[in-house]
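Q: First residue of the sequence shown: 31, per this note's numbering; consecutive thereafter.
Submitted below is the structure of interest, expressed as structure tokens.
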Amino acid sequence: MADLADLIGRIATELGGDAQPEEDGTYTLQVMDDEEEVIALVSLYQETIDDGPATGTDLLVMRANAGELAESVQAYLIEEASTTWFARVYLEEDEDFAGPVIIVEAALPLTTTSTEVAVHAILEVVDLAVSAADFVVADEEVDDEEA
Numbered sequence: 031m032a033d034l035a036d037l038i039g040r041i042a043t044e045l046g047g048d049a050q051p052e053e054d055g056t057y058t059l060q061v062m063d064d065e066e067e068v069i070a071l072v073s074l075y076q077e078t079i080d081d082g083p084a085t086g087t088d089l090l091v092m093r094a095n096a097g098e099l100a101e102s103v104q105a106y107l108i109e110e111a112s113t114t115w116f117a118r119v120y121l122e123e124d125e126d127f128a129g130p131v132i133i134v135e136a137a138l139p140l141t142t143t144s145t146e147v148a149v150h151a152i153l154e155v156v157d158l159a160v161s162a163a164d165f166v167v168a169d170e171e172v173d174d175e176e177a
């Protein structure tokens with residue numbers, strides 16, 4: 031875990047944010063905009079590949095919740111996700127929401143990933159999550175106006 035804490039510390043410094051360790055071994059990274067406002071919270075944690083040719087490889091996993099899924103956002107998410115290098119999008123049930131939520135996640139090898147590449151991947155995760163959340167909010171506003 032020392033490697034994980036060290037990398038996350040460098041990432042937080044590079045992004046000008048703060049990474050707080052959580053009780054479950056994850057870290058919560060605040061990603062700031064140019065005005066030093068928090069634009070996203072990203073969970074960072076270590077996971078080990080447990081099957082396949084890379085069994086035993088430690089990964090740095092970055093994940094952001096982009097909000098609740100609306101039917102109209104599905105095609106948009108597929109289109110946006112196709113333009114990223116690292117990020118992937120999937121749906122996950124969340125007891126705090128009525129339906130599935132949109133999760134944006136990336137995973138990179140922990141021991142060979144540079145701070146710069148990790149920062150790039152985190153920014154992709156944040157950009158896609160914020161973009162999806164904005165799209166959902168804009169779509170809900172259109173639905174409200176039509177009602």
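Yeah, the Cβ is synthetic: ideal placement off N, Cα and C, and Gly gets one too.
#1: What residue ranges within the stretch 72 to 112 form continuous beta strand (DSSP E) runs of no fewer than 3 residues, ordered along the chain?
#2: So, is Gly55 buried or exposed, given that buried needs 16 or more other C-beta atoms within 10 angstroms?
#3: Taking Cβ positions, are Thr114 and Glu154 nearer each other than 8 Å?
#4: CA-CA distance, Met31 and Val134?
#5: Out of curiosity, what's the CA-to-CA distance linking Asp157 and Glu52?
#6: Grouping DSSP H, G and I as helix and E and B as strand, with all else coil, what is Ala128?
#7: Using three-state DSSP, classify Met31 as helix, strand or coil.
#8: How many angstroms separate the CA atom of Ser161 from the CA atom of Gly97?
#9: Please classify Leu140: does DSSP put it in a helix, a strand, or coil?
A: The structure says:
#1: 88 to 98
#2: exposed
#3: yes
#4: Only weak support is given to the placement of Met31: the predicted model assigns it a pLDDT of 48, under 50, and the question is left unresolved by the model.
#5: 24 Å
#6: coil
#7: In this prediction, Met31 has a pLDDT of 48, which is less than 50 and means its spatial position is unreliable; nothing more can be read from the coordinates.
#8: The alpha-carbon atoms of Ser161 and Gly97 are separated by roughly 11 Å.
#9: Leu140 carries a coil assignment under DSSP once its states are collapsed to helix, strand and coil.
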